[in-house]
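Novice: Sharing a structure, written as structure tokens. Questions coming.
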Amino acid sequence: MVARPKRIAAKLSEELTLVSKAHTGKDITWRWMGKELLEEAAGALDMVPDDIKYVFEFEKKGVIDDIISAQFNKYYKSDRKIRNTIAKVIRDVSFDGHVIIVGRGGVAITRDLANSLHINLEAPLEWRAARISEKEKMSIDEAKKYIGELDKKRSEFRNYFQGTETDYTRFDISYNVMTLTVDEIVSHIAYMVKLRGLF
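Be aware that the sequence shown starts at 22, since it is given in the numbering used here, and climbs by one per residue.
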């Protein structure tokens, strides 16, 4: 089963490609990126994706791990270097335009870009926990704990790029994925892209 944000992004990229062509008469192809950003960032760092995956999963190396890696790995890159490279990759693809960034701190990294639309997908904790419990074969309480840890890591990742003193009500639109269908969300986002002239 493909996660809902990915399904929304895939369908939205198809819809925006069609709408863009109808609106502009040009062959504009929209794409979405999630984990592909990992590959681009790894390539820019001359590393393999598995070596920087922990950053995308909102993990941090311990001080000891960092020291050992720096001493014995000639391809060592600090967390700061990796995160700054991630930000550069996200900004570069955003400047190219016609791209949907799924997660990865995109809102914190690209919030200052004028021709952008920042979307937040949310759902009540109980609903999220029930879905994760079923998918991962864990109890509801374990799922809630997992969600809490994941949300905290995501917040820390965004805060790295934008700081903790920033008002984080920076999404343009939020959608409740519990009550809205993928088609409803995609249709509304496409309408907002058209209203803003983001073709």
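All C-beta atoms in this analysis are idealised placements derived from N, C-alpha and C, irrespective of residue type, glycine included. Owing to the predicted nature of the structure, the values given are computational and were not obtained by experimental measurement.
Might you give, ordered along the chain, the residues of its own chain that have their beta carbon closer than 6 Å to the beta carbon of residue 198, omitting 5 neighbours on each side?
Specialist: Excluding residues within five positions, the ones whose Cβ falls inside 6 Å are 25, 142 and 144.
Novice: Is it right to say residue 114 is buried, meaning 16 or more other beta carbons lie within 10 angstroms of its own, or is it exposed?
Specialist: By the 10 Å Cβ count, residue 114 comes out buried.
Novice: Judging by CA-CA distance, which residue of 205, 101, 202 and 217 is the nearest neighbour of residue 178?
Specialist: Comparing Cα positions, the closest option is 101.
Novice: Would you give the residue range spanned by the alpha helix (DSSP H) that residue 107 belongs to?
Specialist: Counting along the chain, the alpha helix (DSSP H) containing residue 107 begins and ends at 100-117.
Novice: Near residue 22, which residues of its chain fall below 8 Å by C-beta distance, leaving aside the five closest residues on each side in sequence?
Specialist: Model confidence at residue 22 stands at a pLDDT of 39, short of 50, so the residue's coordinates are unreliable and nothing is read from them.
Novice: For the 8 Å Cβ check, are there 3 or more pairs between the segment 60-67 and the segment 107-121?
Specialist: Touching, per the Cβ criterion.
Novice: Express the C-alpha separation of residue 139 and residue 132 in angstroms, rounding to a whole number.
Specialist: One C-alpha to the other measures close to 8 Å.
Novice: Check this for me: beta carbons of residue 76 and residue 107, under 9 Å apart or not?
Specialist: Contact flag set, yes.
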